[in-house]
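Student: Numbering (our numbering), first residue to last: 129 to 405.
1. Using a Cβ-Cβ cut-off of 7 Å (strictly less than) and excluding sequence neighbours within five positions of residue 368, which residues of its own chain qualify?
2. Curious, which full-length alpha helix (DSSP H) runs of at least 4 residues does the segment 140 to 213 contain?
3. Got a sec, what are the start and stop residues for the alpha helix (DSSP H) residue 241 sits in?
4. So, at 6 Å on beta carbons, what are the nonlocal neighbours of residue 384 in its own chain, with the 5 sequence-adjacent residues on each side left out?
5. Nearest-angstrom Cα distance between residue 320 and residue 364?
6. Assign residue 133 to one of two classes, buried (16 or more other C-beta atoms within 10 Å of its C-beta) or exposed (fewer than that).
7. From which residue to which residue does the alpha helix (DSSP H) around residue 392 run?
8. With a threshold of 8 Å, are at least 3 pairs of Cβ atoms found where one atom belongs to the segment 265 to 284 and the other to the segment 195 to 213?
9. For residue 275, write down the residues that DSSP places opposite it in a beta bridge.
10. Which same chain residues end up closer than 8 Å to residue 392 when comparing Cβ atoms and leaving out the 5 residues on each side of it in sequence?
11. Confirm, please, whether the CB-CB distance from residue 329 to residue 300 is below 8 Å.
12. Mark residue 260 as exposed unless 16 or more other C-beta atoms lie within 10 angstroms of its C-beta, in which case mark it buried.
13. Would the beta-carbon of residue 218 fall within 8 Å of that of residue 249?
14. Can you tell me which of 177, 280, 350 and 297 puts its alpha carbon nearest to the alpha carbon of residue 191?
15. In the DSSP assignment, what are the bridge partners of residue 288?
16. Output the distance between the C-alpha atoms of residue 164 and residue 178, rounded to the nearest integer angstrom.
17. With distances taken between CB atoms, is the gap from residue 246 to residue 171 smaller than 8 Å?
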């Protein structure tokens with residue numbers, strides 16, 4: 129199941145990596161357009177959050193399919209996506225902070241400050257012409273500007289996506305493993321990097337989920353979702369603690385960290401479903 133109710137395109141193992149990339153980017157860019165418009169036109173919290181999810185899925189796709197892409201064009205697209213992502217992150221953090229407060233703590237001054245931040249972010253997005261970002265990216269893909277024409281890149285573009293996906297998943301999983309087995313001993317910054325790498329792995333697995341038997345991926349995904357939920361909670365608790373000026377780690381944070389540590393140990397012990405194919 130794709131994250132946050134997104135859908136992924138369906139393709140077969142013998143579809144080329146380039147064709148798969150085109151389908152994946154088309155789906156992601158439509159999501160970016162839809163959710164960014166929601167953020168610009170509504171105060172619903174989901175607008176900023178879902179746009180950021182779509183942008184993170186986009187950077188995962190650009191990173192994973194890098195062998196097919198022109199380095200400069202990929203960097204330009206990735207940098208613009210990250211800029212929009214960071215701008216929306218300030219609004220997202222404020223929304224999460226307010227949502228975690230008791231009703232009496234949501235003072236008019238705090239709500240006004242958050243509304244002001246939302247308006248300023250919308251203004252920045254308009255000024256930077258970020259609303260047209262997804263359309264520009266798809267245009268560069270359509271004209272071939274995004275794709276490299278070097279020999280190695282052309283070979284990667286023509287590779288069956290089943291073979292390409294297995295290599296990409298193995299590399300992404302290895303990156304996650306480099307963080308070590310004990311999450312409790314990671315610093316908050318290191319744990320945040322682990323969380324980002326796990327998100328990238330999950331999005332990549334969702335892109336390629338149609339290539340393998342549903343049961344293999346679904347069994348792994350369920351435990352992965354538990355881990356990511358706990359990592360997200362840890363991140364929100366740490367942000368709230370910093371914003372409120374509190375020191376020390378509370379009981380909820382310690383319990384969540386223990387669950388995440390256990391989930392990571394269980395995931396690490398499971399066989400990787402793509403290796404048998």
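Beta carbons: idealized from backbone N, C-alpha and C, even for Gly.
Tutor: Short version:
1. Locating residue 368 in the chain shown gives position 240, counting from the first residue. Once the five neighbours on either side are set aside, the close Cβ partners of residue 368 are 225 and 228.
2. 145 to 169 and 173 to 192
3. Counted from its first residue, the chain shown places residue 241 at position 113. Counting along the chain, the alpha helix (DSSP H) containing residue 241 begins and ends at 236 to 255.
4. Reading the chain shown from its first residue, position 256 is the one you call residue 384. Here the set comprises 358, 361 and 362.
5. Position 192 of the chain shown, counted from the first residue, corresponds to residue 320. Position 236 of the chain shown, counted from the first residue, corresponds to residue 364. Cα to Cα, residue 320 sits roughly 11 Å from residue 364.
6. Looking up residue 133 in the chain shown gives position 5. For residue 133, the pLDDT reaches just 46, beneath the cut-off of 50, and the residue's location in the model is therefore unreliable, leaving the point undetermined.
7. Here residue 392 refers to the residue found at position 264 of the chain shown. Counting along the chain, the alpha helix (DSSP H) containing residue 392 begins and ends at 379 to 397.
8. yes
9. Indexing the chain shown from 1 puts residue 275 at position 147. Its beta-bridge partners are 197.
10. Translated into the one-based positions of the chain shown, residue 392 becomes position 264. Around residue 392: 309, 311 and 355.
11. Mapped onto the chain shown, residue 300 falls at position 172. Mapped onto the chain shown, residue 329 falls at position 201. Contact: yes.
12. Mapped onto the chain shown, residue 260 falls at position 132. That one is exposed.
13. Locating residue 218 in the chain shown gives position 90, counting from the first residue. Locating residue 249 in the chain shown gives position 121, counting from the first residue. Cβ atoms of residue 218 and residue 249: closer than 8 Å.
14. Here residue 191 corresponds to residue number 63 of the chain shown, with the count starting at 1. Checked all of 177, 280, 350 and 297; the closest Cα to residue 191 is 297.
15. By one-based count along the chain shown, residue 288 stands at place 160. Its beta-bridge partners are 144.
16. Translated into positions along the chain shown, residue 164 becomes position 36. Translated into positions along the chain shown, residue 178 becomes position 50. The alpha-carbon atoms of residue 164 and residue 178 are separated by roughly 8 Å.
17. By 1-based counting over the chain shown, the position of residue 246 is 118. By 1-based counting over the chain shown, the position of residue 171 is 43. Yes, the Cβ-Cβ distance between residue 246 and residue 171 is below 8 Å.
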